[in-house]
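In my numbering, the protein residues as written are 3 to 198.
Written out below as structure tokens is the structure these notes cover.
Below, the structure written as structure tokens:
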């Protein structure tokens, strides 16, 4: 579940009030709204995203619409929240206060990808690390492109890291190595081989 420390990680206390299940896949701070978000994995009935005003709880579910899905990644996008799941990317916004799936259509096929990570470049520009490679949207998730990593075939991209200092700098991790983009995920170059 969620544990917290008030003494620099010397001791830990459980902070699970309000949780129905305790497989936490990802936690992020939403500084603008002064809250903590936790994605739940492994509970297809009561899972989703939980929210609290601080690590002490109590925790409540953030909207409906993620039932039956595992939340693998989270990101804050303006007033909204993105959840990468085992069935694509979902967006929560204050109005209507529920989750809706963002179609990831490429070549007239809705991919329903497993989304391992999501990077938000602006309130409307997202990059996703998925089972179908890197996916990129610049219109709030309405349309998606799959930029090439320069490899043959489809590559499972497992994680993304964005630079807080250099806009557009991203690193993507795959089983074949690390890839770097300096233009917000439009073009990629391999910078290392696999991690061994």
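All C-beta atoms, glycine included, are put in the ideal place defined by N, C-alpha and C.
This one's a predicted model, so the numbers in the text were calculated from it and none came from an experiment.
What distance in whole Å lies between the Cβ atoms of residue 191 and residue 152, which are believed to be in contact at a cut-off of 8 Å?
Counted from its first residue, the chain shown places residue 152 at position 150. Counted from its first residue, the chain shown places residue 191 at position 189. Residue 152 to residue 191, Cβ: 7 Å. Contact.
Pair every Cβ in the region 106-119 with every Cβ in the region 159-167, then say whether three or more of these pairs are closer than 8 Å.
Contact between the region 106-119 and the region 159-167 is present: 3 or more CB-CB pairs across the two stretches fall below 8 Å.
Where residue 127 falls: helix, strand or coil (DSSP)
As a first step, residue 127 must be located in the chain shown, where it is residue number 125. It is a strand residue.
Reference residue 16, options 39, 28 and 57, closest by Cα
Within the chain shown, numbered from 1, the residue matching residue 16 stands at position 14. The candidate whose alpha carbon is nearest that of residue 16 is 57.
On the DSSP bridge list, what partners appear for residue 78?
In the chain shown, counting from the first residue as 1, residue 78 sits at position 76. Residue 78 pairs with 83.
Would you give the residue range spanned by the beta strand (DSSP E) that residue 32 belongs to?
Residue 32 sits at position 30 when you count from the first residue of the chain shown. Where residue 32 is concerned, the enclosing beta strand (DSSP E) stretches over 26-32.
Please say whether residue 73 and residue 51 have beta carbons closer to each other than 7 Å?
Mapped onto the chain shown, residue 51 falls at position 49. Mapped onto the chain shown, residue 73 falls at position 71. In this structure, residue 51 places its C-beta atom within 7 Å of the C-beta atom of residue 73.
Less than 7 Å between the C-beta atoms of residue 167 and residue 149, yes or no?
Position 165 of the chain shown, counted from the first residue, corresponds to residue 167. Position 147 of the chain shown, counted from the first residue, corresponds to residue 149. No, the Cβ-Cβ distance between residue 167 and residue 149 is not below 7 Å.
Give me the DSSP bridge partner(s) of residue 101.
Translated into positions along the chain shown, residue 101 becomes position 99. Residue pairing from DSSP places residue 101 in a beta bridge opposite 94.
Quick check on the DSSP output: the beta strand (DSSP E) that includes residue 192 runs from which residue to which?
As a working note, residue 192 is residue 190 in the chain shown. Its beta strand (DSSP E) spans residues 191-194.
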